[in-house]
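Chains A and B, in that order, give the protein sequences. In terms of my numbering, the first sequence opens at residue 7 and continues consecutively. In terms of my numbering, the second sequence opens at residue 7 and continues consecutively. Heads up, the beta-carbon is just placed ideally off N, CA and C, and yes, glycines get one too.
Protein chains: 2
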Amino acid sequence: MSIRVQKVFEALFALEDAREVLRQTLPTGLDPDEETVFRTKIARAQAILDNLDERGSSPGATRIAGTLDIRTREEDTINIQPIQAAGRLTPEARKALIAYGDGYSTCDACRKPFRLDKISRPPIAAFHENLAKFLNMDIARVVPGARRGFQAVTNTLVEKGDPVIVSALAHYTEFLAVEAAGGVVREIPVNAQNVVTADATAEKIEEVHYETRRLPKLVMIDHFDYQFANEHDVRGVAKVAHQYDIPILYNGAYTVGVMPVDGKAIGADFVIGSGHKSMASPAPSGVLATTEEWAPEVLRTTAMVGDVTNRKFGIKEVEMLGCTLMGANLIAMMASFPAVKERTMCWDEELKKSSYVIDGLHAIEGTNVLSEYPRKHTLSKVDTTASFDRVACTHKRRGFFLSDELSRRGITGAFAGATRAWKLNTYGLSWKKVRYLVENFQEIAEKYDLAVRREKQ
Amino acid sequence: MSIRVQKVFEALFALEDAREVLRQTLPTGLDPDEETVFRTKIARAQAILDNLDERGSSPGATRIAGTLDIRTREEDTINIQPIQAAGRLTPEARKALIAYGDGYSTCDACRKPFRLDKISRPPIAAFHENLAKFLNMDIARVVPGARRGFQAVTNTLVEKGDPVIVSALAHYTEFLAVEAAGGVVREIPVNAQNVVTADATAEKIEEVHYETRRLPKLVMIDHFDYQFANEHDVRGVAKVAHQYDIPILYNGAYTVGVMPVDGKAIGADFVIGSGHKSMASPAPSGVLATTEEWAPEVLRTTAMVGDVTNRKFGIKEVEMLGCTLMGANLIAMMASFPAVKERTMCWDEELKKSSYVIDGLHAIEGTNVLSEYPRKHTLSKVDTTASFDRVACTHKRRGFFLSDELSRRGITGAFAGATRAWKLNTYGLSWKKVRYLVENFQEIAEKYDLAVRREKQ
């Protein structure tokens, strides 16, 4: 950990300790003892800031609850971890966590009809409208993770034994959401380029229909899959599904929040996004958006009546289990939202940086890109079996030689020990950082006698 | 907002801005421009701390993303809101949010078999074991809210049309969890004291059996209910349920994290707790604990196989949808856990403070306690129809006169405008604060000519 990073954490923590004194006091103000404690905590923060570059304090000074080390991956390194990149918080989201961390912090001004998405202070109701607009859908709900959005849809549409079409590259949470609802996944095969096409979807629907004598209840399609981040023909798939009157769930875990997503143009009946994967939000968080046609089903309100009390909770939505994403996670999503909206407009620039890195890796003798090429996403899978893995074969640290080298250069997030097929994500890295990445990967390669084609980039 | 509270937030936010500079830089360190920006941000934090009591900055200085006001309810007031009390964060949990806010922050060292509860750095696996021990159950999982724990159990046990027994004071999320699984709730009537007894449970089971020719699949019982926070005979109810071989779900939303809970002694098959309600954790968070007998069912792993790829995700648990509570919420739960464990040992002291406040309100002419008395919980429902509501009848602000008076005295959380039946929760307030509460409620009463029995307390 760099000393400055540690000191900034120490100062933040000292201020939280000072804040706690304010929390414990009466509305009438601090008594003399509290004043002394408060002053001491503030003085500690001041001392830390006054000596920001001086060592002296132990790393334990930042340990949380005596046992938890702080996490400084984003401060100390360039993080190319495949799923973490676009879930990195904005400074505004971090401030939201500071201000809204307490359990039911969103619920201070909850009034009739008592539902999260109706709260106007903080402006949660307006955020829901903006979310729907952002995705060009009719209505949106926040959910504790994309998987909970999948579950709401499958649990609404799928009965026991019903087939549900997914892609052969579908994320495991789609499998689970179908299984939890009692359904059975049927995969659309990918083509030679590892891409799902409309034709393959039509064939699969026919196959399922022929075999089971029933039509699938739902088609779930990842716009970009988690394995290669290849782009699949979501519009074509949606068109085919609709020809059979099957609704389509667009899995935007890798798109919503990083690139423009127009649900209506895609023809999606449900758009699901992940807050912690692609919307600069804390986990768990996500979004489920749908159309006016489907909202009455997936967002149906409770019909249950207590047989003794006759109680009804009519406004509460069954699949949402009432209120969904209370507290800090929601406010952090809201705090990141303006930046998130804006960044989706810069997707082309992100693709340029991604290509720059991929080309830089490609220039290392024996390195291949397993994802479709040229890249349409910042997440990519590369194959270094004929480059870094050749080194690993004879290195005493085996595959960890690469992790060691990267770590020494302040690069984290590549799977530790992996030197064959592995993934990286350049989302949100500055040009300075992507250049640093390429330089360092190529330097490592040359250090171990792998040839590098030095092209003008 | 008090000026000091504002300044502490401003300083925290200035440090987050400084931290952002460290995040944007290369591993090789700040360049001269970054150094300047970093120094400016730190200087801003220093200036704020040096002038902690001087007005000058606008309240907008703490606005998040330009639109979100900060929340200072816990700093500026005594908060007696019924559901917020025990979900207030510890300072350690707040530090955890600062350090682990980024989306997939828990997943840096995720290794085979790739499941959240198996991660050992940070010590998530050990936390799961400690959680189970804490509740005296065999196995525990974290979930995004107690309701998601209910859902996992109902979705496992309940088939379409199956009856599920709940209390006539059951929380609405139990209704929804049953409904989402396709079941039907059947309520156990409460007795004259608004308490659920074992006998009433047996009668209800018999009644359901007689009417539907089938036994209920599950009994869900709130140890303390959300309306009165009366204590229900959970051991007796569990015993009766087991006589019919029906498993019991113990809803500990109001107990787990504030008082000792011994699942085995209760006879619970499932223990559910709420992080944001009672474990000093951010929303959404919660715990589901179960026995070795029931774990293979409710925590069953996926059996789904991809028909094209033959993919299996064998380690992932269906009802958990794989990994559950990644990120900051989990680490904050872990950070609060030592303090939470300890505070459950001080439940008697919390009850004394609760009684002190309830007695103090009782001393106001015409005030009644609707919850069972003496109180066994810190959440209580009082009836001020014959006291404060009498004032409201003729006051030009109607019921809001009480909110106004309380707010002026720095007391928040009573439902705005309510002067008849309303709830309060004293959990976690110091003796100094509960004395302040009683004094101020009684002063307000006397100001409006309500008699107060001044007893030596």
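May I have the straight-line CA-CA distance separating A/F479 from A/N374, to the nearest angstrom?
-> Here chain A comprises residues numbered 7 to 463, so residue 479 of chain A is not present and cannot be evaluated.
Is any beta-carbon of chain B found at less than 8 Å from that of A/K223?
-> Contact with chain B is absent for A/K223, since none of that chain's Cβ atoms lies less than 8 Å from the residue's Cβ.
Can you list the residues of chain A that B/N161 reaches, using a CB-CB cut of under 7 Å?
-> The CB of B/N161 comes closer than 7 Å to the CB of A186 in chain A, given here in chain order.
By the criterion of Cβ-Cβ separation under 7 Å, what are the contact partners of B/T179 in chain A?
-> Those are L327, G328, listed as they occur along chain A.
Please go through the same chain and pick out, in chain order, the residues whose beta-carbon is closer than 6 Å to the beta-carbon of B/Y106, but skip the five residues on each side of it.
-> For B/Y106, where only same-chain residues beyond five positions count, the Cβ hits under 6 Å are A334, I337.
What is the DSSP secondary structure of A/Y362, counted as helix, strand or coil?
-> In the structure shown, A/Y362 falls within a helical segment according to DSSP collapsed to helix, strand and coil.
Nearest neighbour of A/I9, chosen from A/V148, A/A424, A/D59 [CA to CA] = Ranking the options by Cα distance to A/I9, first place goes to A/D59.
Between B/A420 and chain A, is there a C-beta pair that is closer than 8 Å?
-> Not a single C-beta of chain A is nearer than 8 Å to the C-beta of B/A420.
Cutoff 6 Å; reference B/E323; Cβ partners in own chain excluding five residues on either side = Excluding positions up to five away in sequence, the list reads L305, T307.
Helix, strand or coil for A/Q463 per DSSP?
-> At A/Q463, the pLDDT of 46 sits below 50, so the modelled position is not reliable and the matter cannot be decided from this model.
How long is the line joining the alpha carbons of B/Q52 and A/Q52, rounded to whole angstroms?
-> Spanning the two alpha carbons is a distance of roughly 7 Å.
Under 8 Å between C-beta atoms of B/I145 and B/T261 = Their beta carbons are not under 8 Å apart, which means B/I145 does not touch B/T261 by this criterion.
Looking at the structure shown, is A/T34 part of a helix, part of a strand, or coil, going by DSSP?
-> In the structure shown, A/T34 sits in coil (DSSP, three-state: anything other than H, G, I, E or B).
For A/V43, which option in A/N57, A/P33, A/L55, A/E22 has the closest C-alpha, if you only look at C-alpha atoms?
-> Shortest Cα-Cα distance from A/V43 to any of A/N57, A/P33, A/L55, A/E22 involves A/E22.
Using DSSP bridges, identify the partner residues of A/M226.
-> Answer by DSSP bridge pairing, in chain order: A/L255.
Opening and closing residue of the alpha helix (DSSP H) in which A/V149 lies = Boundaries for A/V149: no alpha helix (DSSP H) harbours it, while the beta strand (DSSP E) harbouring it runs 145 to 149, taken from the DSSP string.
DSSP three-state call for A/D389: helix, strand or coil?
-> The answer is strand: DSSP assigns A/D389 an E or B state.
CA-CA distance, A/H383 and A/F230?
-> Taking the straight line from one Cα to the other gives about 8 Å.
Using a Cβ cut-off of 9 Å, pull out every chain B residue sitting near A/K139, in sequence order please.
-> Taking a Cβ-Cβ threshold of 9 Å, none of the residues of chain B is close to A/K139; the smallest such distance is about 16 Å.
Check each candidate in B/Y442, B/P169, B/G188 and name the one with the smallest Cα separation from B/G416.
-> With distances taken between Cα atoms, B/G416 lies closest to B/Y442.
Neighbour-count burial assignment, A/Q12, 16 or more Cβ in a 10 Å radius = Classification for A/Q12: buried.
Per-residue DSSP class, three states only, for B/T68 = DSSP, reduced to helix, strand and coil, places B/T68 within a helical segment of the structure shown.
Figure out for me which residue from A/T179, A/S64, A/I76 has the closest Cα to the Cα of B/R121.
-> Distances from the alpha-carbon of B/R121 to those of A/T179, A/S64, A/I76 put A/T179 closest.
Quick one: complete alpha helix (DSSP H) runs, 4+ long, within the stretch 290 to 353 of chain B?
-> Entirely contained in the stretch 290 to 353 of chain B, the alpha helix (DSSP H) runs reaching 4 residues are, in chain order, 301 to 304, 334 to 350.
Of all the CB atoms in chain A, is at least one closer than 8 Å to the CB of B/V118?
-> Before going further, note that residue 118 of chain B is Lys rather than Val in the sequence given. At a cut-off of 8 Å between beta carbons, B/K118 makes no contact with chain A.
Which of the three DSSP states, helix, strand or coil, is assigned to A/T73?
-> Coil, per DSSP.
Buried or exposed by the 16-neighbour rule on C-beta atoms within 10 Å, applied to B/M351 = Exposed, since its Cβ has fewer than 16 Cβ neighbours within 10 Å.
What are the residues that DSSP puts in a beta bridge with A/W428?
-> Bridge pairing for A/W428: A/V388 [DSSP].
How is B/F120 classed by DSSP in three states: helix, strand or coil?
-> If DSSP states are grouped into helix, strand and coil, B/F120 belongs with coil.
Does the distance from the CB of A/R241 to the CB of A/G273 come in under 8 Å?
-> A contact, by the Cβ cut-off of 8 Å.
Quick one: Cα of A/K283 to Cα of B/G66, how far?
-> Going by the C-alpha atoms only, they are around 30 Å apart.
Opposite A/R381 in the DSSP bridges: which residues?
-> The partner list for A/R381 (beta bridge, DSSP) is empty, contrary to what the question assumes.
Applying the criterion that 16 or more other CB atoms from any shown protein chain within 10 Å of the CB defines a buried residue, is A/R426 buried or exposed?
-> When all chains shown are included, A/R426 counts as exposed.
Express the C-alpha separation of A/S413 and A/R459 in angstroms, rounding to a whole number.
-> Separation of A/R459 and A/S413 (C-alpha to C-alpha, rounded to the nearest whole angstrom) is 24 Å.
What does a CB cutoff of less than 8 Å around A/V27 pick up in its chain, not counting 5 residues either side in sequence?
-> Closer than 8 Å at the Cβ level, and outside the excluded window around A/V27, lie L36, E40, V43, F44, K47.
Any chain A beta carbon closer than 8 Å to B/E80 | Closer than 8 Å: yes.
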